[in-house]
Amino acid sequence: AMVFTVEEINRDATLLPGVRLGYRIRDTCSRYPWALDGALSLVTGGLSSCTDEKVVPLLIGPASSTTGIMLSSILQTLSVPIISFLASCPCLSDRTKFPTFFRTIPSDIYQARAMAQLAIRFHWTWIGAVVVNNDYGQLAIQMFQEEIRGKEICLEFIETVYRETVMTDARRIALTVQAATTRVILIFCWYKDAKEILLELAKRNVTGRQFLASEAWSTSEELLQELAISEVANGVLGVAIQSSTIPGFEHFLRSLNPIHRPNDVFLRDLWEMEFKCSPVLQISSFSNASLPPCSGTESLVEMKHPFTDTSQLRVAHNVYLAVYAAAYALHSLLFCPGQDSPPGKPNCTSPHHIQPIDVLQHLNKVNFTTPRGETFYFQGSDLTTRYDLVNWQKTPRGPLKLALVGRVDGFNLMLNESAIHWSTGLNQVPVSVCSESCPPGTRKANRKGEPLCCFDCIPCADGEISNTSGSLQCERCPPEFWSNDGRTACAPRQLDFLSFNETLGITLTTVAVSGAVVTTAVFVVFLHYRHTPMVRANNSELSFLLLVSLKLCFLCSLVFIGRPSVWSCRFQQAAFGISFVLCVSCLLVKTLVVLAVFRSAQPGSRATKWFGPSQQRGSVCLFTSIQIIICTVWLSVSPPNPDRNLGFQGSKVTLECAMASVVGFSLVLGYIGLLACTCLLLAFLARKLPDNFNEAKLITFSMLIFCAVWVAFVPAYISSPGKYVVAVEIFAILASSYGLLFCIFAPKCFIILLRPERNTKKDMMSRT
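Counting from 25, one number per residue, gives the positions in the sequence shown under my numbering.
As C-alpha cells, then:
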C-alpha cells in the first residue's frame, strides 16, 4: 500500500511537482531491538547508496503501540515525525510526552467507548474480559472500565494472556470462560492469541458465548477461515478499523510481477507459494533450488487470493492516508501558499534544506480531502474517530463471513440490529446479567461482598412504590395516598371511621341500645314498686336519677359512632363527661347518705339534718355543675374538631375528632376520676355497716369495676390505632355503665321480682 501510494503521488503533477518521493521498508518482526535498529538506520540514511538522494526523516509506522512509545520517546529529540497506521494506545495522544507522534488509526479510548456503548445498548451488565499483557490490552480494558463506571455494568473476571505462555494461558482462560456465568466475553488481544483461546474453547465444546472483538482480531481472515472455531466464534460482534477503497489499488496488485521487481523478496515468496516455481531467472542464493523456474506467464490478474481482495481495505487504507498526510505536509512546506513559484524561491523551502522540525510543523496543519470525499486533518496526534461494526456469520460452505452491521462516527453509534446473527442462533439479543432486573414494586438490595450487578429484589414496604424496573429505592407515597397491592402506584387512601354499617359499629350499637333498654326496664320496675320497702329504703329519688344518668351514659356512646362532624365532636365529649359525673354524683351522695344515716343512729348525732332530700339534690346539682362549667370552658376555648389522621400507616385515612386541647379532655376525665375515687373511698369505709339496706357494699364493688375500667382505658386509648381509639372509649363507657347497672340494681331487682317475701320493712330493718 505504501509503495502504491508513493508511486501514485509521484505521478501526480500537482501535489509535488518536480519532487519525487522515495521509500525504504524495514521489517521489525515484532521485536523491539529490531524496530529501534531499523528506525535509526532509516533516520540517519545509513542504507543510502546514492549521494544525490536527500533523506527526509519521517517514519510511517510502527504497528505496535509499545514500539511507538519507544521510538517516539527516543526520536523526539531529533524532532523526527512518526505517523503510525496501527498504534492505538490512548497514551500516545499526550502531546506533552509525544509531540512528534501522529497516527491514522483512532485511539483505543474510542474503541473501548464503542464496546461500552454496545454493552449498554444491549443491557449486558455481566461481562468477562480477556486482555493481552501489553499497553494495548491493559490500557484498553482500563478505558472500558472507565466508560462503564456508573452504568451498572460489572466485570465478572479479567484474564490476562502473555505472548510467551499463550498456550498455557489459553487453557486457563478457556476453563474460566466455561465456569463463568456471564455470556458476553470481551477480548482485547492479537489475532493469534484470540485463535488459541477459541481453539481451546472449541475443544471443550463451550458454545453460546457472545464475544466482543477488538479491532486487532475482529477482521482476521485467518480466524474467519478456521473451520475448527466456526461454531464457537459464530456471532462475534467486533469493532473494526474503518474499511475504505483505494482507487487503482486492485489493478496495481494484480499487475505485480517479480520479473519487473526482482528485488522484492515478498513477491518472490508469494510466487513460490502460489505457483510452485522459482521466479529468479538465474540460480542464486535467493532462489529455491527445489522448485523449477517460472515460465513468466504466471499472473495475479485472474487469481482469487486474499492478497488481491481490496473490497475491505483497513490497515492498508491507514497506510495510504499516512503517506498522503506526509505528502501534503511536504507540499505545504515546499510551495508558498497563494503563489505559483517553484520550490527554492524566496519564502519557500528548498527540497535540499528540509529539516525534520519543518515537516513536523506542517504535519500539524495538514488538511486535505480523501478520494472518498472525507476531510482529513490531525487533532493533536489523532484524527476523527470512525470505526466499522462487524459481525461473524455462518455460511453454507463452512467458514465464517464478515458482515458490516454498523458504524461508529465520533460519539455516535449506528447499528442495524436486524442484520446481526447472534451466537445463540436466535434473533433475540443474548442475555448476560448477574441478577435479573428488579420488576416494578421492588427495589435492589446489594449482596454483601458481591459486585453491584449482583443483587436481590426486595418488595417495597407498605406506603412505598417503585414504578420502574431496576429501582434503587422505593419512593414514599404522599400523605393522603397509599401503595396499591403491587407496590407500583399510589392510590388515594379510603376514608375510615367507626360506622353504623360495619360489624364493630353494629355490635357496639346493639350493646349500647340493650343497656338503655335494660336500664329503662329497671326504671319501670322501680317505678311500679316505688312504694315497697326495698325501693323506699334505698333513696328512691336518687335511684331514679341514677337510672336516668345510666341511660344517658348508654345513649351517649351512640354519639361516638358515625362520621365525625363539628357538632358531633363537641357534643359527644360533653355528653360523656356530664352523664358520668351525674351518675357518679348520685352514687357519691348515696354513699354520704348511708354514712349520715349510720351516724344519725348514734346518740346526739345531727348528721341527717345535713343530708335531707333537698341537700341531696343540691349536692348532685353542685357536682354536676362543676363538670358543666369545665365542658363549657373547654368547648368554648379549644373544642375538638373533625380531622384526618394520617399518622396511622395504612391504606385508609381515619376521620376522628382531634383533641385540640389535651388539657380540657384531661380535666373532664380527671374530675370524673376524682369523684369516683372519693366515692370508692367512702363506700369502702361504709361497707361493713350492719344494716340490710346498706348500699355501701354494692357501691364499693361497682366503683372498683368503674375505676378498673377507666384505669385500663388510658393505655388502651393511647396505643389503639385509627378508629379503634373511638371503639376503646365506647367500650369503656359501656363496660363501666353495665358494671354500675348490674352491681347496684341487679340484687334489688332480684329481691323485688323473685323474692318478694324479703321485700318487707322488717327485713330491711334487721341487723346483720
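A virtual CB, placed ideally from N, CA and C, is assigned to each residue, including glycine.
Counting C-beta atoms within 10 angstroms of its own C-beta, Thr149 has 16 or more neighbours from the protein chains shown and is therefore classed as buried. Annotation: the continuous alpha helix (DSSP H) that includes Phe708 extends over 686-709.
Distance from the CA of Ile602 to the CA of Ser523, rounded to the nearest whole angstrom, comes to 24 angstroms. Cβ-Cβ distances below 7 angstroms link Asp667 to Glu680, Ala682 in the same chain, with the five nearest sequence neighbours on each side left out; the list follows chain order.
Contact between Leu248 and Leu426 holds, with the beta-carbon distance rounding to 6 angstroms and staying under 8 angstroms. In the three-state reduction of the DSSP assignment, Thr29 falls in the helix class, which pools H, G and I. Distance from the Cα of Ile182 is smallest, within the candidate group Tyr748, Asp193, Gly174, for Asp193.
Taking the CA atoms as reference points, Ser108 sits about 21 angstroms from Val432.
Rounded to the nearest angstrom, the Cβ distance from Asp61 to Val156 is 24 angstroms, too far for a contact under 8 angstroms.
Excluding residues up to 5 positions away in sequence, Ser609 lie with their Cβ nearer than 6 angstroms to the Cβ of Phe647 in the same chain. By the C-beta density criterion, Pro739 is exposed, having fewer than 16 other C-beta atoms within 10 angstroms. Of the candidates Val104, Gln597, Ile129, the residue whose Cα lies closest to the Cα of Pro114 is Ile129. Per DSSP, reduced to three states, the secondary structure at Pro105 is coil, with no helix or strand assignment.
With the rule of 3 Cβ pairs closer than 8 angstroms, the region 490-509 does not count as touching the region 537-548. Under the three-pair Cβ rule at 8 angstroms, the region 373-388 does not count as touching the region 232-246.
Annotated as proximal: Asp132 and Ala164, with beta-carbon spacing under 8 angstroms.
Annotation: Gln403 to Asn436 spans about 18 angstroms, alpha carbon to alpha carbon.
In the DSSP assignment, Ala194 falls within the unbroken alpha helix (DSSP H) covering 190-203. Counting only the Cα atoms, Leu64 lies some 33 angstroms from Pro303. When only Cα atoms are considered, Ala111 and Ala87 end up about 5 angstroms apart.
At the C-beta level, Tyr352 and Phe392 come within 8 angstroms of one another. Listed as beta-bridge partners of Ser268 by DSSP are Leu337.
Within the DSSP secondary-structure output, Ala153 pairs in a beta bridge with Ile182, Leu210. By the Cβ neighbour-count rule, Gly434 is exposed, with fewer than 16 other Cβ atoms within 10 Å of its own. A residue is called buried once 16 or more other Cβ atoms fall within 10 Å of its Cβ, and Gly85 is buried on that count. Ranked by how close their Cα comes to the Cα of Asn158, the residues Arg500, Leu337, Cys213 have Cys213 in first place. In terms of Cβ geometry, Leu706 and Thr615 form a close pair [threshold 8 angstroms].
Here Ile742 is exposed. Its C-beta has fewer than 16 other C-beta atoms within 10 Å. For Ala346, same chain residues with a beta-carbon under 6 angstroms away, outside a window of 5 residues either side, are Ile84, Ile107, Phe109, Thr128 in chain order. Distance between Ile144 and Ser335, taken at the CA atoms: about 31 angstroms. Between Thr91 and Ala136, the C-beta gap is not smaller than 8 angstroms, which leaves the two residues out of contact. Secondary-structure assignment with DSSP links Trp241 through no beta bridge to anything. One Cα belongs to Pro81, the other to Pro475, and the distance between them is close to 52 angstroms.
The criterion of a C-beta distance shorter than 8 angstroms is satisfied by Val263 and Ser238. Ranked by how close their Cα comes to the Cα of Phe331, the residues Gly422, His275, Phe479 have His275 in first place.
Inclusion of Cys767 and Leu722 in the CB contact set at 8 angstroms is warranted, their separation being smaller than that value.
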